[in-house]
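The block underneath contains the structure these notes are about, expressed in structure tokens.
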Amino acid sequence: MSDPWDEIMKDAVKGIPGEYIIERDDGREEILSVIDYDASLLEWNEPERLGIQHVRGKVLDIGCGAGRVALFLQNQGHEIVGIDSSPGAIEACKMKGLREAYIMSVDNLDFPDAVFDTVIMYGNNFGLSGDDKNIVGMLESLHIITTSEGIIIAGSADVEKTNDQSHLDYHQRNLEMNRPKGLIRLRVKYKDLVGDWSDLRLASPQEMRSLAEKAGWKLSRVYDGEGSFVGILTKS
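With the working numbering, letter number 31 in the sequence shown gets 33, and the count goes up by one each step, no holes.
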């Protein structure tokens, strides 16, 4: 049976309207729009629109999804490579005309040293690796495959910026389990498909700074939004 992410991405680029569900392991569900994965620049949030201005040189788009970021940059003349663990996402990108897109996990990057000038991780993809140890390992790998002036443009969400009691209860439960407040266990549902459970790390700017410093990066700038933000990481 297909993975729900595969079908979401393919439907997004076909312009098929629909909704999918992100279920957290405490039962909380959030309903989101499929076509957001094919959103134009004007539909991006403000931190993403500001962060994209820092792109330079050859770009790696991690968790490229249906290609909303990669295709925008390709159309701007950038040499860009998109990677995603979802075969459906890569198929969707190629359907839209992305020239370089590969099925690849962020935890097993297979590129030569010092080949990228910019790495972009939008849509909370800074936390794709899950726990903090894995994120530091990912950042160390990115340090190797980027040039001496390489940068990372990373999206995340500050879980402290909420008054929602269900979120506050979840944060407290995490702390009682010796997990960071922002380590979220979730799965996706679409049509009759249900994905596997996985961890996503939502990191505040302070947490992003701390994790980055352990891997030879520094947080040089933050574009803040309503909970979501984009951090610009440069080499220490």
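Positions of the beta carbon are idealized from the N, C-alpha and C atoms, including for glycine.
Remember, predicted model here, so these are calculated numbers, not experimental data.
Measure the C-alpha to C-alpha separation of residue i and residue j and round it to an integer number of angstroms.
i    : j    : result
I234 : T149 : 15 Å
M97  : K220 : 36 Å
Y172 : D28  : 7 Å
M166 : R30  : The sequence shown places Asp at residue 166, rather than the Met named in the question. For D166 and R30, the distance between alpha carbons rounds to 12 Å.
D194 : M11  : 15 Å
R203 : R187 : 9 Å
L111 : S131 : 12 Å
R175 : G79  : 47 Å
D229 : N127 : According to the sequence shown, residue 229 is Gly rather than Asp. When rounded, the distance between both Cα atoms is 15 Å.
D13  : G197 : 16 Å
Excluding the five sequence neighbours on either side, which residues of its own chain have a C-beta within less than 6 Å of the C-beta of residue i, listed in chain order?
i   : result
G84 : D63, C66, A72, C95, L100 and A103
K60 : E81, F118 and D119
G17 : none
Give me the residue from the options with the minimum Cα distance to residue i.
i    : options               : result
I37  : R58, E50, V15 and G29 : V15
W240 : G79, G184 and R189    : Residue 240 lies beyond the range of the chain shown here (3 to 238); nothing can be said about it.
G218 : D201, D198 and G139   : G139
For the ligand SAM, is there a heavy atom less than 6 Å away from the beta-carbon of residue i?
i  : result
S4 : With respect to the ligand SAM, the structure offers nothing, as it holds no ligand at all.
Please confirm whether residue i and residue j have their CB atoms less than 7 Å apart.
i    : j    : result
I147 : F118 : yes
F231 : P114 : no
L185 : D201 : yes
Enumerate in chain order the residues of its own chain whose CB-to-CB distance from residue i is below 8 Å, with the five nearest sequence positions on each side excluded.
i    : result
E162 : K183 and S206
P19  : S35, V36 and I37
Quick test of your reading: residue i and residue j, contact by CB under 8 Å. State the CB separation rounded to the nearest angstrom.
i    : j   : result
K191 : E25 : 6 Å
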